[in-house]
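Okay, structure first, notes after.
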Amino acid sequence: MTENITSALAKFIAEKILKQANKVIKPDEALISSGLIDSFSLMDLAMFVEDTFGVRIEDTELNAQTFDNLSQLTDLIASRQ
Amino acid sequence: MDLSSPLFLFLFLPVFLSIYLVSTQCLRLPIILVASVVFLTWGERTALWWLGGILISGYLLGLAIAKSKEKGNYSLLWLWAGVGINLAILSFFKNIIAYSDNVFARLPLPQNWIAPAAGLAVPIGLSYVTFQMISYLVDIWRGTIPVEKNFIAFSAYLLFFPKLISGPITRYKPFALQMQQLDPSIDDIAAGFRRLLAGFVKRALIANQLALMANAVFNLPTANVEPKFAWLALIAYTLQIFFDFAGYTDMAIGLGIMSGFRLPENFNFPYIAQNISDFWRRWHITLSTWFREYVFYPLERRRFRWAGQQINILIVFILTGLWHGFKPTFIVWGLLHGFALALESLGFGRWLKQAWRPMRHIYTLSIITVGWVFFRSNNLRFSYWFFRRLFGDTSELTLLPFSVSTPMPFIEPSFILALITGIFFSMPISSMWNQLRTSLEKHHENLFFPFQFFEDISLILLFILGLALLLGNSFLPNLYAKF
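First to last, the protein sequences are chains X and A.
Following the working numbering, the numbering of the first sequence begins with 540 at its first residue and continues without gaps.
Following the working numbering, the numbering of the second sequence begins with 934 at its first residue and continues without gaps.
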């Protein structure tokens, strides 16, 4: 179950945010603190999570303290489903 | 009262700390509140009435929002009332009184009403208090924090004197958690003093020295300045605003640590940023975070289909400019950053990431310094002529008498030293220093003691030097206090 969430997130980030469909994103790779995803793209990611998994991420949670890699975001989604 | 003033350093702070540290934990919050009220009213008694009014209205509106949420009605109405009151007061002071002296004279009011009102000054800390109040009310409405029913705790959060004048803008939740356990250790007090002294040194020895040149040029009625001095003034101002504001923030954070609070960081070497987006993750971090979470993200949830994100970025940066004042120069500064960020949000940002690293720095520093010209100029006409001077245009340049142009004709060694030191410490040297300190503390305890001793003695000597300048009446006020 969580593997499906992780792979869907990785695919969205690589294709829609980074525009590099072939890029492999590791589950523990830093996304926000490393600058890979900037604040322009964080809302796109939040909307994707909301539409795909039915889980809301609050505006104040869109930061590296709440989640900074795919594993942490997957856990956050799973905990709210 | 300025945190760098002798009155604060040698009277207010020792008295506050003596009472605070010997008191029991349950008395510490009331002591903070009393100290903050004294700090606020010392120089400007009227500020207390305005901020007191904002405080009481915000406290009651917070309760109203929480109660309405329980009942399931009108909570949004109360929220908008709270946001509206705060924005109205902020706009009134910053944009009507601050920039239009005769506004009251135009109103059909009795003369005895107009006279005292015309003398109103912008209450210190207004921008910071109102923004923290708005975030508090929005967070209650969102349900991310509980309403604060203890008026002393609520007031201490908003008026806490280290962050009252120039931030950092602090969210209620992390502050409230810390209020429950106010027990600074000896190590906290020592670390707080080090941070306080470091901030003072940044302001007194770097920002203050550079201000002499920056002010001499930018305070001229017209940009009647030779190109080389225009460049020198621009570099001086670029460093001055950073060291003044970052120094003040260091002092605020240091005072927070001494009192048992960890206030958020506001700067992370902004001039090493590789694009403007990166710059805003490093410059005035708490303000950019506030705008991102309370304006940009809510706008992004309702983004227009065509160029929606770029429009939202421009809205946020026009508002950021206006937060500094309703002057065309601030709006142009905000728009410049907004346009750069809008471009970066399109393909330019991805292209820039692949570009040669020095190119990224040149691009970023160019936008930042061009922005500072608008930010510091008194009007757009000055900015226009200043840019012409930067490009070597000497037309209509007239030699000024020494009394007007000083200290431009002579570059003092202290200015050169401050300039070089400023450039050097704009780079992450202090981060490396802190890493060295941590490494010695963990792995080489025998070396750590002399290292710490050397650091403390150096800080104290630099503080004394800065104090000598302060007592020489050459100290300039905190730049961000006026915003």
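All residues carry an ideal CB built from backbone N, CA and C; glycine is no exception.
*Verify the CB distance criterion: does residue 1204 of chain A have a CB-CB separation below 8 Å to chain X?*
No, its Cβ sits nowhere closer than 8 Å to a Cβ of chain X.
*Where does the unbroken alpha helix (DSSP H) through residue 1363 of chain A begin, and where does it stop?*
In the DSSP assignment, residue 1363 of chain A falls within the unbroken alpha helix (DSSP H) covering 1362-1376.
*In chain order, what residues of the same chain have a beta carbon less than 7 Å from the beta carbon of residue 1253 of chain A, not counting five sequence neighbours either side?*
Taking residue 1253 of chain A as the centre and dropping the five residues before and after it, the same chain places the C-beta of 1224 and 1267 closer than 7 Å to its C-beta, in chain order.
*Tell me whether the beta-carbon of residue 1089 of chain A lies closer than 8 Å to the beta-carbon of residue 989 of chain A.*
No.
*Which whole-angstrom value is the C-beta distance of residue 984 of chain A and residue 1070 of chain A, which I expect to be below 8 Å?*
No, residue 984 of chain A and residue 1070 of chain A are not in contact; Cβ-Cβ is about 16 Å, not under 8 Å.
*What residue from A/1137, A/1141, A/1164 and A/1138 has the CA that sits closest to residue 1150 of chain A's CA?*
Checked all of A/1137, A/1141, A/1164 and A/1138; the closest Cα to residue 1150 of chain A is A/1164.
*List the residues of chain X whose Cβ lies closer than 7 Å to the Cβ of residue 1242 of chain A, in chain order.*
What residue 1242 of chain A touches in chain X: 579.
*Proximal residues, the stretch 605-617 of chain X versus chain A, C-beta separation under 9 Å*: When C-beta distances to chain A are compared with 9 Å, every residue of the stretch 605-617 of chain X stays at or above that value.
*Quick one: list the residues of chain X neighbouring residue 1283 of chain A, beta-carbon separation under 9 Å, in chain order.*
In chain order: 557 and 558.
*Taking the runs of the alpha helix (DSSP H) that are 4 residues or longer, which of them lie wholly in the stretch 594-620 of chain X?*
You should have 609-619.
*Classify residue 1322 of chain A as buried or exposed, calling it buried when 16 or more other Cβ atoms lie within 10 Å of its own Cβ.*
Label assigned to residue 1322 of chain A: buried.
_On the CB-based measure, 16 or more other CB atoms within 10 Å of its CB, does residue 1324 of chain A come out buried or exposed?_
Residue 1324 of chain A is exposed by the Cβ-count criterion.
*Of all the options A/1191, A/1156, A/1188 and A/1141, which has the alpha carbon lying nearest to the alpha carbon of residue 1175 of chain A?*
Selected option, being the one with the closest Cα: A/1141.
*asked:* Any beta carbon of chain X sitting closer than 8 Å to that of residue 977 of chain A?
replied: False, the Cβ-Cβ gap to chain X never drops below 8 Å.
*asked:* Judging by CA-CA distance, which residue of A/947, A/1068, A/1061 and A/1211 is the nearest neighbour of residue 1015 of chain A?
replied: Checking every option, the nearest Cα to that of residue 1015 of chain A belongs to A/1068.
_Contacting residues, own chain, Cβ-Cβ under 7 Å from residue 1065 of chain A (five flanking each side not counted)_ = Excluding five sequence positions before and after residue 1065 of chain A, the CB atoms of its chain that fall closer than 7 Å to its own CB belong to 1091, 1102 and 1103, given in chain order.
_Does any residue of chain A have a CB that is nearer than 8 Å to the CB of residue 593 of chain X?_
At a cut-off of 8 Å between beta-carbon atoms, residue 593 of chain X makes no contact with chain A.
*Beta-carbon separation (whole angstroms), residue 1210 of chain A vs residue 1242 of chain A, contact threshold 8 Å*: No, residue 1210 of chain A and residue 1242 of chain A are not in contact; Cβ-Cβ is about 12 Å, not under 8 Å.
*Report yes if the CB atom of residue 1308 of chain A is closer than 8 Å to the CB atom of residue 1156 of chain A, and no otherwise.*
It is not a contact, given that the beta carbons lie outside the stated cut-off.
*Count the other CB atoms, across all protein chains shown, that sit within 10 Å of the CB of residue 1113 of chain A; report buried if there are 16 or more and exposed otherwise.*
Residue 1113 of chain A comes out exposed.
*So, is the C-beta of residue 1215 of chain A closer than 8 Å to a C-beta in chain X?*
At a cut-off of 8 Å, the C-beta of residue 1215 of chain A has no neighbouring C-beta in chain X.
*Counting along the chain, where does the alpha helix (DSSP H) carrying residue 1294 of chain A start and finish?*
For residue 1294 of chain A, the enclosing alpha helix (DSSP H) has its first and last residue at 1290-1309.
*Within 10 angstroms of the Cβ of residue 1173 of chain A, are there 16 or more other Cβ atoms? Answer buried if so, exposed if not.*
So residue 1173 of chain A counts as buried.
*Kindly indicate if chain X contains any beta-carbon less than 8 Å away from that of residue 1231 of chain A.*
Yes, contact with chain X.
*Short CB-CB distance (under 8 Å) between residue 1103 of chain A and chain X*: Residue-level contact by beta carbon fails for residue 1103 of chain A and chain X, as no gap is shorter than 8 Å.
_Check whether the stretch 1249-1265 of chain A and the stretch 1187-1195 of chain A are in contact - that is, three or more C-beta pairs closer than 8 Å._
Contact check between the stretch 1249-1265 of chain A and the stretch 1187-1195 of chain A: fewer than three CB pairs, one atom from each, fall below 8 Å, which does not count as touching.
*In terms of residues, what are the limits of the alpha helix (DSSP H) holding residue 1058 of chain A?*
Under the DSSP assignment, residue 1058 of chain A falls outside any alpha helix (DSSP H); it carries neither an H nor an E label.
*Output the distance between the C-alpha atoms of residue 1298 of chain A and residue 1304 of chain A, rounded to the nearest integer angstrom.*
If you take the alpha carbons of residue 1298 of chain A and residue 1304 of chain A, they lie about 10 Å apart.
*CB-CB under 8 Å to residue 1143 of chain A, same chain, minus the five flanking residues each way: which ones, in chain order?*
The residues are 1169, 1170, 1172, 1173, 1176, 1348, 1351, 1352 and 1355.
*Quick one, which of A/1117, A/973, A/1330 and A/1095 has its alpha-carbon nearest residue 957 of chain A's?*
Among A/1117, A/973, A/1330 and A/1095, the Cα nearest to that of residue 957 of chain A is on A/1117.
*Given residue 1229 of chain A, which residues of its chain have a CB within under 8 Å of its CB, disregarding the five upstream and five downstream residues?*
Within the same chain, 1245, 1246 and 1249 come within 8 Å of residue 1229 of chain A by CB-CB distance, once the 5 residues on both sides are set aside.
_At the level of alpha carbons, what is the spacing between residue 1384 of chain A and residue 1371 of chain A?_
One C-alpha to the other measures close to 11 Å.
*Within-8 Å CB hit, residue 1075 of chain A to chain X*: So, interface residue.
*Count the other CB atoms within 10 Å of the CB of residue 1317 of chain A; is the residue buried (16 or more) or exposed (fewer)?*
Residue 1317 of chain A is exposed by the Cβ-count criterion.
*Closer than 9 Å by beta-carbon distance: list the chain X residues that pair up with residue 1234 of chain A, in chain order.*
Below the 9 Å Cβ cutoff, chain X contributes 582, 585, 586 and 598 as neighbours of residue 1234 of chain A, in chain order.
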